[in-house]
Amino acid sequence: MANILPVPESEQRVLDNLLRDLNETYPDKMIVRLLQDHKKWYEKVTRLYKNIGYSSRDEFLAAYGFTVEQAKGGRPSVDLDAIVETLLSRYEGDRYVTSFEQLKEENPDIAPKFKSLQNKSDEMFGMSLNKYLKEKGVFQSDKSTAAEKAKKYKAKLETIFDELKKRYEGKELPKSIAELKESNADIEDIANIGPWIEKAYNRHALEYLVELGLIQEKEKKEAVPKKPRSLSVDEKLSNVTEELKNRVSESGERVLATNGKEITEKLKSRYPDLPIQTIDGWVKKVHPGKNIKSYLIEQGIIQTAREYFISKIEHIDSIDFRKNKLYLEEDDPDIQILLQSIGKGRALITGLETDRQEWQIKDCYFVLDTDDKNPMKGIFWDDFYLVSHGYVDKFISKANVLEILNEKAGKQKSKSTFIATSNNPIEAFCLENFNPSLYEAFLKKLKISGKYFKSVKYKDSEQLAPAFVVECAIVPYIQQLTSIPTKIGDYQKAYSSFTLAPKADKVADTLDPESFGEMLDKLIGKDMPSVYHTLVPYGRFATGKQISGLVARMNKWKKWGDYSATGRKSIIVARGAILLNDSREAMLYADKAGILDKYARNRGLDTDVLRDGVMADFGLDKNGRKTFDLGNTTVEVSVNKELKLNLFDTSAGKEVKSIPKRGAEPDKYEEARAEFAEIKKNLKGIVKNRTELLFDGFLSGKTRKPDSWKSSYLNNFILHKVGELIVWNQKENTFILTENGIIDCNGNEYVINDKDPIGVAHPINMKSGEAKAWQKYFASHGLKQPFEQVWEPVIDMDRFKQNRYEGRMIPYYKFLKNEKHGISVRDWNYHNEIEISFVDCDARVERIDWARHQIDMNDRFEVKEIRVKRRTRVANHIIAYLDNITAIDRIIADDVTIVDTLHDCSLAQITDYINIANENNANNVLAALMEYKNECFSDFDPMGEFTLD
1 MANILPVPES EQRVLDNLLR DLNETYPDKM IVRLLQDHKK WYEKVTRLYK NIGYSSRDEF
61 LAAYGFTVEQ AKGGRPSVDL DAIVETLLSR YEGDRYVTSF EQLKEENPDI APKFKSLQNK
121 SDEMFGMSLN KYLKEKGVFQ SDKSTAAEKA KKYKAKLETI FDELKKRYEG KELPKSIAEL
181 KESNADIEDI ANIGPWIEKA YNRHALEYLV ELGLIQEKEK KEAVPKKPRS LSVDEKLSNV
241 TEELKNRVSE SGERVLATNG KEITEKLKSR YPDLPIQTID GWVKKVHPGK NIKSYLIEQG
301 IIQTAREYFI SKIEHIDSID FRKNKLYLEE DDPDIQILLQ SIGKGRALIT GLETDRQEWQ
361 IKDCYFVLDT DDKNPMKGIF WDDFYLVSHG YVDKFISKAN VLEILNEKAG KQKSKSTFIA
421 TSNNPIEAFC LENFNPSLYE AFLKKLKISG KYFKSVKYKD SEQLAPAFVV ECAIVPYIQQ
481 LTSIPTKIGD YQKAYSSFTL APKADKVADT LDPESFGEML DKLIGKDMPS VYHTLVPYGR
541 FATGKQISGL VARMNKWKKW GDYSATGRKS IIVARGAILL NDSREAMLYA DKAGILDKYA
601 RNRGLDTDVL RDGVMADFGL DKNGRKTFDL GNTTVEVSVN KELKLNLFDT SAGKEVKSIP
661 KRGAEPDKYE EARAEFAEIK KNLKGIVKNR TELLFDGFLS GKTRKPDSWK SSYLNNFILH
721 KVGELIVWNQ KENTFILTEN GIIDCNGNEY VINDKDPIGV AHPINMKSGE AKAWQKYFAS
781 HGLKQPFEQV WEPVIDMDRF KQNRYEGRMI PYYKFLKNEK HGISVRDWNY HNEIEISFVD
841 CDARVERIDW ARHQIDMNDR FEVKEIRVKR RTRVANHIIA YLDNITAIDR IIADDVTIVD
901 TLHDCSLAQI TDYINIANEN NANNVLAALM EYKNECFSDF DPMGEFTLD
């Protein structure tokens, strides 16, 4: 029995469940046909042996007492381990090869076995054969070989150049490389002139040929007077906005922000000569995510309810809190109208005193006392819940009314019991703007102990800040949670809404980050917070590390059996609170949760500007480098082609693994170490996040304006590197980024026009032969895409039949968690009804395996019929996915009818199918697949890998 290796905690439960299943199914410990009979278990074995550290599936299973027997039949087995040992022994020391062809030529006795070795490589080594041989030093890049090739290309190019110079002496030069090739097709190797120039001289081909005088230099066209054009929507909106601003400035009156329809009607009646009716449509087109209300508030054309409320109470002399009552010493009818208007949906209670009007909303009472004998106009406030039951619904956001009233009450210093303890000006600020007694009562009501706020220091000081000062940072956020979420069905997407409180932020800026952060951790506790409200200030002020920890907790709180409804309510509150946080981790979470637009709006930013200008900005220069001065040396951090970080110590003249501490100035070292850790931690997340965004664009066809796209992908080193792995399109034209510029699929320079939007290209929109040209580009340059873009098969919908998958069993887990691929699964009535649907398709999916209130991941489903409603990118992707997952069963069954569907397959899929057929001794299918591959993809590298891991 092999040694049992330590198991990561994250894999222990998976291992326990797998061993239980294997012991029940194979009590004699002899495993046969694991892949064919239990594909899900086979995948778990693969995952576990790699993550735990075994060299193969067999070694992993042997460690737990199992023996794997090969299925009988098929071709004779090959001792692949012996072949590997032979290869390694032959290439010890300085011996190596630079290509697979060279390896076969030097080892003719074992070369016939290389195909089997390649197919079994992942099982044996956990990686491709190509990678394994590189690790062992058998494959190495040979710089001398590259130099020899460059020399060879130069010799051939000189011959071509001499001939071209003779032909064009005194004649008109061609205008492009394509024209040059076409006019001189008789010259040997003229077709390779572009790539040879780049490899031999490391120059852009077009630029080099212009310098040689073999292609015309483009002349700048003289400007031609343009015809008057109609204004764009952007310009129309800008013009009407400026006119509205001028008129509002002249009149000094602004419309109150209620809803879009009322705003439009009020503005139309006030400014009938302006195109008010069309503003909302223009705003949504120019500023996606905004509406007429948010836009006009931002422009200062209409006033918010907060501004309106302040204007109505700004001349009130005093506000008096008495137990559960708030008194306004005011008899202005405007304030009465305001308070009456707040009671939307109220029930008028009759039978009261003649001159008293009273409205009831839930547990809160608003009372306007108009009795002449009583000059006090009062509002009865039920236990400090004025905000949650009144003002928020109609007029003002959750924090604002309380904040405004607090400000008024806070100015009555005679009522305050707080005494300043230092000369720190923030204490006077707190006395001026907040009310200690009110905060004390509020925290007591929520049963939040004041002890939490007594251990926070002032910034850059050992002095403790008074508890009230700390409360002034915390309570304005705690108060914003005015009602606990009750509808938790949509907990995976829903979030509570909160707003930034600048005055509270000003107080927090004066506090010591370390002790303040420790206080926040204690405030919410180690697992589930005892008071939902504490999540709001935590979300606002937590560090990036604390936000990551909170997100991990939220994933735990999803478990109904452990946390029930309380967990899901906490998730909704926490998700909204994270939108207040300024860390990169919070931005990444918001983007992943699909609410980055809300995050951006909270800060008055455009979503793309936030995503590309803030999230993906690590302070690197255009070459992907950043320098840290440590005092005794300078360290340069750079990003390589694999988007991994390198550190170079300039004084030592060598690469280092971490920021060197010895001899460095302490402050500079700590600053550099922290910043490097931040870059390292977030780089992978940014790349992953960008890949998901690009995949969404691949299926949805979303585009960006050229200026916005160029700002992101041409000016940001990280995004440029990611962009080099994607084929882009402007209408029907496709192009790709390179280190040296932008080219099309023929290697010619492509110039982005500033008119047409740019998106992620899809093969269904490419011209004939273009997808294959791009496949060759990626294969020849050794580039792997983050997802199968150019390798996605284009489905021939004219040959598509609705019963395409009839009789093909698909396990349940193949449909689950594939929303991003356009597949949705809904579980009804405790697993009794499973509904599977596909975007842009109508389908009838039948469940084959059924048990009352139970569902197993391997339960079988059959797509009896499927009809494509619209020929979209996502519909094409879904059919390609279904083709792939149903093909595996047909291959294992050695069903040669699969050949009928190969016309829709890419090389990447064909290669996968060949490996599966070979592993399962499906000899008839294997022969058919090999024949198809050799016929259609003969000019591709047989060991090529097509996508990133």
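The sequence shown lines up with residues 1 to 949 when you count with full-length UniProt numbering.
The beta carbon of each residue, even a glycine, is placed where N, CA and C say it ideally should be.
Bounding residues of the alpha helix (DSSP H) (the contiguous stretch that carries residue i)
i: Val573; result: Trp560 to Ile578
i: Ile301; result: Neither: Ile301 is in no alpha helix (DSSP H) and is coded neither H nor E.
i: Gln12; result: Glu9 to Thr25
i: Pro466; result: No alpha helix (DSSP H) contains Pro466, which DSSP labels as neither H nor E.
i: Phe442; result: Pro436 to Lys445
i: Asn51; result: Lys39 to Ile52
i: Met809; result: Looking at the DSSP string, Met809 is not in any alpha helix (DSSP H); the run it does join, the beta strand (DSSP E), is Met809 to Pro811.
i: Met930; result: Asn923 to Cys936
i: Asp876; result: In the sequence as presented, Asp is not what sits at residue 876; that position holds Asn. Start and end: Arg873 to Ile892.
i: Gln730; result: Gln730 -> not in any alpha helix (DSSP H); beta strand (DSSP E) instead, spanning Trp728 to Gln730.
i: Thr908; result: Before going on, a small fix: residue 908 reads as Ala here, not Thr. From DSSP, the alpha helix (DSSP H) with Ala908 extends over Leu907 to Glu919.
For residue i, the first and last residue of its enclosing beta strand (DSSP E)
i: Gly759; result: Ile758 to Val760
i: Ser638; result: Thr634 to Val639
i: Phe628; result: Arg625 to Asp629
i: Glu69; result: Thr67 to Glu69
i: Ile31; result: Met30 to Val32
Residue i burial status per 10 Å Cβ neighbour count (16 or more: buried)
i: Gly73; result: In this prediction, Gly73 scores a pLDDT of 44, lower than 50, which makes its location untrustworthy; no coordinate-derived value is stated.
i: Gln299; result: exposed
i: Val456; result: buried
i: Phe695; result: buried
i: Leu61; result: buried
i: Gly65; result: exposed
i: Arg47; result: exposed
i: Lys444; result: exposed
i: Gly594; result: exposed
i: Lys933; result: buried
i: Glu670; result: exposed
i: Glu314; result: Unreliable placement is indicated for Glu314, whose pLDDT of 47 sits below 50; no coordinate value is reported for it.
i: Ile4; result: exposed
i: Tyr812; result: buried
i: Ile160; result: buried
i: Asp331; result: Low confidence applies to Asp331: its pLDDT is 42, below 50, so where it sits in the model is not reliable, and the reading given next is rough at best. Exposed, because fewer than 16 other Cβ atoms sit within 10 Å of the Cβ of Asp331.
i: Lys556; result: exposed
i: Tyr153; result: buried
Residues bridged to residue i [DSSP beta-bridge criterion]
i: Lys654; result: Asp649
i: Tyr458; result: Leu511
i: Lys487; result: Answer is none; Lys487 lacks a bridge partner.
i: Met766; result: Its beta-bridge partners do not exist; DSSP assigns none.
i: Ile742; result: Leu737
i: Ile834; result: Asp827
i: Val255; result: Ile302
i: Ala851; result: Gln854
i: Ala843; result: Ile866
i: Arg540; result: BP columns for Arg540 are empty, so no partner.
8 Å contact criterion, which residue i and residue j should meet: CB distance rounded
i: Trp282; j: Val233; result: 5 Å
i: Phe453; j: Met519; result: 7 Å
i: Val874; j: Asp840; result: 6 Å
i: Leu173; j: Gln216; result: 5 Å
i: Pro485; j: Ser496; result: 6 Å
i: Asn716; j: Asp617; result: 7 Å
i: Ile888; j: Val925; result: About 11 Å; that fails the 8 Å criterion.
(request) Give a yes or no on contact between the region 902 to 922 and the region 859 to 870, applying the rule of three or more CB pairs nearer than 8 Å. (result) no
(message) Does the contact criterion of 3 or more C-beta pairs under 8 Å hold for the region 560 to 576 versus the region 471 to 491?
(response) yes
(request) Tell me, please, whether the region 766 to 784 touches the region 839 to 859 by the rule of three or more beta-carbon pairs shorter than 8 Å. (result) no
(message) Three or more C-beta pairs under 8 Å: does that hold for the region 634 to 651 against the region 598 to 610?
(response) no
(request) Examine the Cβ distances between the region 499 to 507 and the region 463 to 477 and report whether three or more of them are shorter than 8 Å. (result) yes
(message) Measuring CB atoms only, is the region 658 to 675 touching the region 760 to 769, in the sense that at least three cross pairs come out at less than 8 Å?
(response) no
(request) Determine contact between the region 877 to 892 and the region 790 to 804, defined as no fewer than three beta-carbon pairs at a distance below 8 Å. (result) yes
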